[in-house]
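In my numbering, the protein residues as written are 2 to 159. Written below as structure tokens is the structure these notes are about.
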Ligand SMILES: Cc1cc2nc3c(=O)[nH]c(=O)nc-3n(C[C@H](O)[C@H](O)[C@H](O)COP(=O)(O)O)c2cc1C
């Protein structure tokens with residue numbers, strides 16, 4: 002079984018999550034950055050895991066575009082879906098539902114909310130202003146959930 006973890010990340014958190022997830026998955030796994038490979042072919046893979054971060058309530062447009070372009074082929078694969086985001090609980094679940102189309106969510110064998118990070122030195126001026134205004138955050142926050150990543154892998158490996 003060959004698996005592709007295909008992710009879209011702005012400041013690297015989703016990439017870190019994807020790499021961590023790879024360590025827990027069985028079989029041959031490639032981690033693919035949509036920024037570098039926007040037209041990645043899925044032909045070689047039986048399983049595809051899609052992951053993105055959330056900005057202003059929305060999944061990254063690169064991932065949206067990729068899903069649109071590969072809708073039919075994705076329908077033939079074993080699917081897993083995850084998000085990196087700072088919201089938790091119902092708010093995070095709502096974001097997840099908005100992020101991925103119904104068909105993919107009903108096909109998915111593992112869904113993950115892996116948490117997120119604010120690393121001030123990675124953010125631009127406007128991003129720092131926004132998170133200060135909206136969340137009151139002015140220092141680094143690390144909320145990546147390694148246990149969730151492991152649980153996701155256990156579910157996906159079955
Ligand atoms: C400007 C800005 C807006 C954000 N908006 C949201 C949001 O609407 N919901 C949320 O849960 N997290 C939000 N986040 C948190 C990011 O999803 C989080 O920082 C994530 O770890 C970023 O991952 P990346 O580096 O892979 O892009 C926001 C972060 C920034 C900097």
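Using N, Cα and C, we set each Cβ at its ideal position, and we do this for glycine too. Since the model is a prediction, treat every value here as computed from it, not as a measurement.
Note to self: Please classify residue 16 as buried or exposed, where buried requires at least 16 other C-beta atoms within 10 Å of its C-beta.
What the structure shows: buried
Next item on the list: Have a look at residue 109 and residue 132 and give me their C-alpha separation to the nearest angstrom.
Entry: 31 angstroms
Check: For residue 147, is the beta carbon positioned less than 6 angstroms from some heavy atom of ligand 1?
Finding: no
Notebook entry, point to check: Going by C-alpha distance, which of 89, 59, 38, 81 is nearest residue 117?
Noted result: 89
Notebook entry, point to check: With distances taken from CA atoms, which of 115, 141, 85, 59 is nearest residue 124?
Noted result: 141
Check: Which residues mark the beginning and the end of the beta strand (DSSP E) in which residue 4 is found?
Finding: 3-9
Check: Between residue 56 and ligand 1, is the CB less than 6 angstroms from at least one heavy atom?
Finding: yes
Margin query: According to DSSP, simplified to helix, strand and coil, what is residue 122?
Written below: helix
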